[in-house]
Amino acid sequence: MNFSDQLQTISLEELNEAAALQTRTDRKYILTQQQAEQVLPLLAQQALVLSIDGRRASDYTSVYFDTPDLASFHLAAHPRRRRFKVRTRSYMDTQQCYLEVKTEGAREQTVKERIEHPFADRAALSEQSLEYIQETLDHELGSCPIVPTSLTPVIDSSYSRTTLFLPETNSRVTVDNNLVWTEPRTGFRLECNEIIVETKSALNAGPADKLLWRHQIRPSRISKFATGMSLLNQNLPANRWHKTTKHKISTAVSLHP
């Protein structure tokens, strides 16, 4: 996608300064290729694009960890309080990696904590990593709901992300494409042909949301972790993502390992 090629750029430092300390509401949208070709150039007219070392898009890989009974997935699927996610997020262009622990407790507030993690070992958890997971879950949830040593990689997602900044409202929009889910044990892969757009604005809808709504594109429920798990394993309950997996991501296709 080249909708951002002609845009003026903004650095990561400038972006973080402009968008710092703002209460935000995130909305996710699933666009077909045709919708993206129609809407993204219009959105780009009012935006700057994040540029890091001359790159206007960055490649990410996230490896998600869960217990043998998939405690993290099922807590999200039902949904339940005291939810958590454990993943490594790797920035493939710079070969940086972080271990992230996301929790959701009282009042549905999401907290993300992270530490640096060896890039070469992004699919493994060291003793230090397990201690960090234990301490973080104890602190955020009151007690750790799992045995961290039981965590193993269950899915990884890779994609390319373009980040836009809308100066009028100091809001961000991320555009993810080339999304691929992989089952670590078998190497079986699913490729998503849709574009995932996420708006991050103040509590009221921002200009990006209104533009998408005018084109009859409404927010969708999607989680790269849980939606991917549901698509890779048809025996798992789709639950909150049933509409997404059955109607919005119908173009996912299998690839040979």
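Under this note's numbering, the first residue of the sequence shown is numbered 12, with each subsequent residue one higher.
Where is the CB? At the ideal position from N, CA and C, for every residue including glycine.
With a CB to CB cut of under 8 angstroms and the five nearest residues on each side skipped, what residues in its chain are close to residue i?
i	result
D104	I63, D64, R66, S69, D70
D167	T72, S73, V74, Y75, A134, W192, T193, P195
L278	The shown model of the chain, from 12 to 268, leaves out residue 278, and the question about it has no answer.
T20	L59, V60, L61, S62, R67
Out of the options, which has the shortest C-alpha to C-alpha gap to residue i?
i	options	result
K211	A219, H253, L110	A219
P156	W192, E28, S83, I166	S83
G153	R93, L110, T180	R93
Q17	Q45, E28, L61, V112	L61
K221	T43, F130, V112, V184	V184
L86	S137, Q46, F236	F236
G217	V112, Q46, Q57	Q57
S161	T43, S137, L175	S137
A55	N13, K96, Q45, E28	N13
F199	M240, T174, T163	M240
R100	N204, Q46, S171, D149	S171
F130	N204, P52, T173, L110	L110
T174	T36, L223, E209	E209
L53	C203, N246, L223	L223
So is residue i buried or exposed if we call it buried at 16+ other beta carbons inside 10 Å?
i	result
L32	Because the pLDDT of L32 is 39, which lies under 50, any placement of that residue in the model is unreliable, and the number read from its coordinates should be weighed accordingly. By the 10 Å Cβ count, L32 comes out exposed.
D77	buried
R229	exposed
E48	exposed
I126	exposed
T238	buried
Q79	The identity of residue 79 in the sequence shown is Pro, whereas the question assumes Gln. So P79 counts as exposed.
S15	buried
V158	exposed
E24	exposed
S231	buried
P178	exposed
S22	exposed
H253	exposed
E205	buried
Leaving out the 5 sequence neighbours to the left and right, which residues in its chain are closer than 7 angstroms to residue i when beta-carbon positions are compared?
i	result
I207	K39, I41, D187, L190, I233
L26	L61, F176
What does a CB cutoff of less than 6 angstroms around residue i pick up in its chain, not counting 5 residues either side in sequence?
i	result
V50	H226
P248	A88
T147	V112, E124
R251	R232
Determine the extent of the alpha helix (DSSP H) in which residue i is found, giving its start and end residues.
i	result
T174	Careful: T174 lies outside any alpha helix (DSSP H), inside the beta strand (DSSP E) at 163 to 177.
D80	Unbroken run through D80: none, as it is neither H nor E.
L61	Here L61 belongs to no alpha helix (DSSP H); instead the beta strand (DSSP E) covers 59 to 61.
R225	218 to 225
I144	138 to 152
A135	Note, A135: premise wrong, no alpha helix (DSSP H); not H, not E.
L26	23 to 29
L242	235 to 243
Which partner residues of residue i appear in the DSSP bridge assignment?
i	result
F95	T114
T121	E115
Q107	Y102
S182	L177
S69	R172
E127	Y109
V191	S169, E202
Can you give me the start and stop residues for the beta strand (DSSP E) that residue i sits inside?
i	result
E202	200 to 203
T210	206 to 212
D37	36 to 42
For the ligand SAM, I want to know if residue i counts as a neighbour, meaning its beta carbon is within less than 6 angstroms of at least one of the ligand's heavy atoms.
i	result
E127	Of ligands this structure carries none, so the ligand SAM is not represented either.
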